[in-house]
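In order, the protein sequence lines correspond to chains R and A.
Heads up: the first sequence runs through residues 1 to 377, numbered per the working numbering.
Heads up: the second sequence runs through residues 1001 to 1374, numbered per the working numbering.
The block underneath contains the structure these notes are about, expressed in structure tokens.
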Amino acid sequence: MSATIDSPGSTPTVQLVTPDGRWQPSDSAEEYLPYVESLGEHDLKRFYRDMVVMRQFDTEAANLQRQGQLALWVPSHGQEAAQVGSAYAARPQDHIFPSYREHAVGMIRGLDMVDILRMLRGVTLGGWVPEENGNFHLYTLVLASQTLHATGYAMGMQLDGSSGTGNPETDAAVLVYFGDGASSQGDTSESLVFAASYQTPQVFFLQNNHWAISVPVARQSRTPLYLRGSGFGVPGTRVDGNDVLASYAVTAKWLDDARAGHGPALIEALTYRVGAHTTADDPTKYRTDDELASWVQRDPIVRFVAHLRTLGVEQEFLDAVDQEAADIADDARRRVLQLGPPSVGRMFENVYAEPHPLVEEQQEWLARYEESFGEQA
Amino acid sequence: MIQTDETRGLAVESQPPAGQQQPAAEQEPPAGQQQPSAEPAAPAQSDPPTRLTMPFGKALNAGMRAALAADDHVLLMGEDIGPLGGVYRITEGLQAEFGDKRVFDTPLAESGIVGTAIGLAMRGFRPVCEIQFDGFVFPAFDQITTQLARMRNRHEGGVTMPIVIRIPFGGSIGSIEHHSESPEAYFAHTPGLRVVAPATPNDAYWMIQDAIRSNDPVIFFEPKSRYFTKGEVDTTVPAAPLHTSRIAREGTDVTLVGYGAMVDTLLRAADLAAAEGTSAEVIDLRSISPLDFGPVLESVRKTGRLVVGQEAPGFVSVASEIAATVAERAFYSLEAPVLRVTAFDTPYPPSKLEHGFIPDADRILEAVDRSLAY
Ligand SMILES: Cc1ncc(C[n+]2csc(CCOP(=O)(O)OP(=O)(O)O)c2C)c(N)n1
Ligand SMILES: [Mg+2]
């Protein structure tokens, strides 16, 4: 069994920059061009910087896992453009419901990356307060569950008048991430049904990285996944997810439409998981070197550097970004090593909002039990 | 979200046990028949050696290989079980051996896996479904409880549901959320399901074959923290029947009861107790539903004291059921109340806290002391 690799060059895929870095919008890109026209040099540099920082962080986190400092790491290598582009399309008032691989999105929303590491170190089940971190909600490990939460949240925005009022500065929308594998879950279909039914202000962002652990996307869908929404009444667009500008433009357009009250949309970003599924996975067991190599050639960062060079961006800037990325990774490493163990009492906290006698009794029992060891010592 | 580093080492020694290397059944099973194949186990053939030392996970693999070879209606289905051989490599090599019509990767949807297994069973197949981790069975909970468990009953006996749902369960693997849970009580509470949990490689090898031969749905809990623990497997002498409990260690002063990974913890506690002069009898339940109370009651009549250990939270749990039943049936033999040593009634904590959450041998001993103090 091998993966179907859909070529981003095929007709309906929105692409702005070719894999070798040339500005050459596909036919389907026409309606998205206005969204990139408003970007300045500063924005492009920011896109680049974030992709590089994320790539470096990814390497550092995998090292930390290998050294026993994390239970697990979930690599995002190869998916930086899909994540950075889509994240920049969201406005501060928007809410983001990630799956578990959207580290760059969290970073752009202001999340301290060490918060993600705390979760993967086994120190916490959550790690951050969404409202204090750019409305970036918690990771969800049960596949596709968050798609329904996102739809419900968007229904709430509609009900409390936070969306569709015609004021683009305040109208909000929801951006929800999920994978090609998760697209098969019933929850995903149900969330599309609800979103269409209530015309929620919401964008479904499907990163098709071609694999669900060892299972190729062909096992999940015989038709391109961007078509999945149409049967539910949710329009779909396919974008070259390794093209950061296209990912930005397509997401910006559909989020604008969602905020304006035009209902939900589905975006399929074609990309590739270059790394392992997680640090516990061995991808050589199920995919070929050739397939991997063909996607490494379409690397989103390499493409964007080439593009920036055509725009005259100097080497000093690129070097400075590399240095900054290394510093950020070092800083994260240093702070992870300082993380102490959580206190045992933590597990009894916030199980309920109201007092609960059984939990209280067990917490007291455990405290006495631990003390009894202290006495013996 | 896998813990598979060790599995790669495991993969190297994936020799099937002697006598199990049968050719894959090539032909498609005849469609349209509702005849559950209830012949006796393809007993492992008799070529020596028949006692092999192998890890728990390998024993399961060998058991499934034997079941696939014995009955070409047996199918394995699940996420990542084909070319990868499962995230724990429990099905490693089986697709290569039996083909992708017998052993196949499904789309990523647990309700889909169990729901279609029900249809396959109606059509005469014996599906063995792998759920990747305990925390991911719940999308299938509706199909399991409202459909699978009562399908035979609704058909007034006209249909059988020979489906096995394999679920790696339990903690102590330092993993992330939803990868360490013990949800067995939900299933044991559901009439129509059989629920088992082997604790040793030998039981893994035999119980998986018995479960696959069962004409009822079996929820098969695998103690994932023991996948790499080695033990002796006798491929010629079948283990005790599927739904019987087993004395794992004899003793006279107190009875310790558990299943799955907890059995090892109880045995460790019994060792420690012995050093302090207390003789503990350890019972490996093996089957959670039905529960073989005979040996438990017999032991309690001898020791007068019972401590039940389990990784799952205690409230409305398997341990609760055991405590109630023993109080009902052996009341006058008891010298002390039945004590339950369980996880706390909180969500499974982040892994840095799991050692304080799951009962260890010390907590079992604390209960033993309390029991002896009555
Ligand atoms: C309900 C559920 N079933 C199974 C799993 C185990 N699992 C974790 S990730 C994964 C593959 C997900 O693939 P995809 O949705 O394509 O996302 P990707 O990992 O490629 O980003 C599986 C099977 C899970 N987390 N949740
Ligand atoms: Mg994927």
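Each residue gets a CB set at the ideal place from its N, CA and C atoms; glycine is no exception.
For residue j and residue i, the rounded distance between their alpha carbons
{"i": "residue 1037 of chain A", "j": "residue 1184 of chain A", "result": "Because the pLDDT of residue 1037 of chain A is 41, which lies under 50, any placement of that residue in the model is unreliable, and the question is left without a value."}
{"i": "residue 1287 of chain A", "j": "residue 322 of chain R", "result": "58 Å"}
{"i": "residue 1043 of chain A", "j": "residue 1238 of chain A", "result": "Note on residue 1043 of chain A: pLDDT 48, under 50, position unreliable in the model; the coordinate value appears next. Answer to the nearest angstrom: the Cα atoms are 8 Å apart."}
{"i": "residue 347 of chain R", "j": "residue 1360 of chain A", "result": "17 Å"}
{"i": "residue 251 of chain R", "j": "residue 85 of chain R", "result": "8 Å"}
{"i": "residue 1024 of chain A", "j": "residue 1155 of chain A", "result": "The predicted position of residue 1024 of chain A is uncertain, since its pLDDT is 33 and thus under 50; a value taken from the coordinates is nonetheless stated next. Spanning the two alpha carbons is a distance of roughly 34 Å."}
{"i": "residue 1308 of chain A", "j": "residue 1268 of chain A", "result": "14 Å"}
{"i": "residue 1220 of chain A", "j": "residue 119 of chain R", "result": "30 Å"}
{"i": "residue 382 of chain R", "j": "residue 1264 of chain A", "result": "Any answer about residue 382 of chain R is impossible in this case: the structure gives chain R only from 1 up to 377."}
{"i": "residue 1244 of chain A", "j": "residue 64 of chain R", "result": "46 Å"}
{"i": "residue 94 of chain R", "j": "residue 133 of chain R", "result": "12 Å"}
{"i": "residue 272 of chain R", "j": "residue 211 of chain R", "result": "8 Å"}
{"i": "residue 1315 of chain A", "j": "residue 354 of chain R", "result": "18 Å"}
{"i": "residue 1296 of chain A", "j": "residue 1310 of chain A", "result": "15 Å"}
{"i": "residue 83 of chain R", "j": "residue 285 of chain R", "result": "27 Å"}
{"i": "residue 1092 of chain A", "j": "residue 1060 of chain A", "result": "10 Å"}
{"i": "residue 208 of chain R", "j": "residue 216 of chain R", "result": "10 Å"}
{"i": "residue 275 of chain R", "j": "residue 281 of chain R", "result": "9 Å"}
{"i": "residue 16 of chain R", "j": "residue 246 of chain R", "result": "6 Å"}
{"i": "residue 1362 of chain A", "j": "residue 1294 of chain A", "result": "28 Å"}
{"i": "residue 1051 of chain A", "j": "residue 1350 of chain A", "result": "40 Å"}
{"i": "residue 1026 of chain A", "j": "residue 1068 of chain A", "result": "Here the model assigns residue 1026 of chain A a pLDDT of 32, short of 50, so the residue's position is not dependable, and the following value carries that caveat. Going from the Cα of residue 1026 of chain A to the Cα of residue 1068 of chain A covers about 11 Å."}
{"i": "residue 1153 of chain A", "j": "residue 343 of chain R", "result": "49 Å"}
{"i": "residue 121 of chain R", "j": "residue 1348 of chain A", "result": "15 Å"}
Pick from the options that is closest to residue i, judged by C-alpha positions
{"i": "residue 378 of chain R", "options": "R:219, R:190 and R:166", "result": "Residue 378 of chain R lies beyond the range of chain R shown here (1 to 377); nothing can be said about it."}
{"i": "residue 231 of chain R", "options": "R:147, R:207, R:202 and R:266", "result": "R:266"}
{"i": "residue 92 of chain R", "options": "R:120, R:79, R:136 and R:188", "result": "R:136"}
{"i": "residue 1231 of chain A", "options": "A:1215, A:1181 and A:1202", "result": "A:1202"}
{"i": "residue 130 of chain R", "options": "R:141, R:116, R:171 and R:123", "result": "R:116"}
{"i": "residue 1342 of chain A", "options": "A:1329, A:1328, A:1327 and A:1323", "result": "A:1323"}
{"i": "residue 277 of chain R", "options": "R:100, R:33, R:36 and R:52", "result": "R:100"}
{"i": "residue 1180 of chain A", "options": "A:1086, A:1222, A:1081 and A:1057", "result": "A:1222"}
{"i": "residue 1377 of chain A", "options": "A:1253, A:1304, A:1348 and A:1189", "result": "Since the first and last residues shown for chain A are 1001 and 1374, residue 1377 of chain A lies out of range."}
{"i": "residue 1214 of chain A", "options": "A:1172, A:1125, A:1285 and A:1295", "result": "A:1125"}
{"i": "residue 141 of chain R", "options": "A:1186, A:1254, A:1175 and A:1071", "result": "A:1175"}
{"i": "residue 1262 of chain A", "options": "A:1250, A:1224 and A:1290", "result": "A:1224"}
{"i": "residue 173 of chain R", "options": "R:43, R:260 and R:208", "result": "R:260"}
{"i": "residue 59 of chain R", "options": "R:312, R:34 and R:75", "result": "R:75"}
{"i": "residue 1273 of chain A", "options": "A:1235, A:1146 and A:1371", "result": "A:1371"}
{"i": "residue 88 of chain R", "options": "R:53, R:105 and R:363", "result": "R:105"}
{"i": "residue 157 of chain R", "options": "R:186, R:195 and R:235", "result": "R:195"}
{"i": "residue 168 of chain R", "options": "R:340, R:256, R:124 and R:367", "result": "R:256"}
{"i": "residue 69 of chain R", "options": "R:80, R:90, R:49 and R:123", "result": "R:123"}
{"i": "residue 72 of chain R", "options": "A:1070, A:1173 and A:1107", "result": "A:1173"}
{"i": "residue 328 of chain R", "options": "R:20, R:184 and R:49", "result": "R:49"}
{"i": "residue 296 of chain R", "options": "R:41, R:345, R:79 and R:330", "result": "R:79"}
{"i": "residue 1071 of chain A", "options": "A:1054, A:1102, A:1055 and A:1144", "result": "A:1102"}
Contact belief for residue i with residue j at Cβ below 8 Å, rounded distance in angstroms
{"i": "residue 1137 of chain A", "j": "residue 1110 of chain A", "result": "6 Å"}
{"i": "residue 422 of chain R", "j": "residue 177 of chain R", "result": "Any property of residue 422 of chain R remains undetermined from this structure, which presents chain R solely from 1 to 377."}
{"i": "residue 163 of chain R", "j": "residue 201 of chain R", "result": "4 Å"}
{"i": "residue 238 of chain R", "j": "residue 13 of chain R", "result": "5 Å"}
{"i": "residue 1120 of chain A", "j": "residue 1217 of chain A", "result": "Residue 1120 of chain A to residue 1217 of chain A, Cβ: 13 Å. No contact."}
{"i": "residue 1122 of chain A", "j": "residue 1164 of chain A", "result": "Not quite, the Cβ-Cβ distance comes to about 16 Å (not below 8 Å), so this is no contact."}
{"i": "residue 268 of chain R", "j": "residue 236 of chain R", "result": "7 Å"}
{"i": "residue 1383 of chain A", "j": "residue 1259 of chain A", "result": "There is simply no residue 1383 of chain A to check, as chain A begins at 1001 and stops at 1374 in what is shown."}
**Prompt:** Taking any Cβ of chain A, which residues in the stretch 178 to 191 of chain R have a Cβ under 7 Å from it, in chain order?
**Reply:** 181, 182, 184, 185 and 186
**Prompt:** Pick out every residue whose C-beta is nearer than 6 Å to a heavy atom of ligand 4: which are they, in chain order?
**Reply:** Ligand 4 is not among the ligands present in this structure, which contains only ligand 1 and ligand 2.
**Prompt:** Along the stretch 208 to 234 of chain R, what residues have a CB closer than 8 Å to any CB found in chain A?
**Reply:** 212, 213, 214, 215, 219 and 220
**Prompt:** Looking at chain R, which residues of the stretch 1309 to 1323 of chain A have a Cβ within less than 9 Å of any of its Cβ atoms?
**Reply:** 1314 and 1315
**Message:** What are the residues in the stretch 1088 to 1111 of chain A lying within 7 Å of chain R by C-beta distance?
**Reply:** 1105, 1107, 1108, 1109 and 1111
**Prompt:** Along the stretch 336 to 356 of chain R, what residues have a CB closer than 8 Å to any CB found in chain A?
**Reply:** 341, 342, 344, 346, 347, 348 and 351
**Cβ-based contacts, 8 Å cut-off: residues of the stretch 117 to 137 of chain R near chain A** = 119, 120, 121, 122, 123, 124 and 125
**Prompt:** What are the residues of the stretch 54 to 74 of chain R that lie near chain A, defined by any Cβ-Cβ distance shorter than 7 Å?
**Reply:** 71 and 72
**Request:** Please name the residues in the stretch 1174 to 1186 of chain A whose beta-carbon is closer than 9 Å to at least one beta-carbon of chain R, in chain order.
**Result:** 1174, 1175, 1176, 1177, 1178 and 1179
**Message:** Residues of the stretch 1266 to 1278 of chain A in Cβ contact with chain R at a cutoff of 9 Å, in chain order, please.
**Reply:** none
**Request:** Can you give me, in chain order, the residues of the stretch 1346 to 1371 of chain A that have a beta carbon less than 9 Å from any beta carbon in chain R?
**Result:** 1346, 1347, 1348, 1349, 1350, 1351, 1352, 1353, 1354, 1356, 1357, 1362, 1363 and 1366
**Contact set between the stretch 1061 to 1082 of chain A and chain R, restricted to residues whose Cβ is under 8 Å from the partner** = 1079, 1080 and 1082
**Message:** Please identify, using Cβ separations under 8 Å, the residues of the stretch 261 to 294 of chain R that lie next to chain A, in order along the chain.
**Reply:** 277, 278, 280, 281, 282, 285 and 286
**Message:** Short of 8 Å Cβ to Cβ, which residues in the stretch 1133 to 1161 of chain A face chain R?
**Reply:** 1135, 1136, 1138 and 1139
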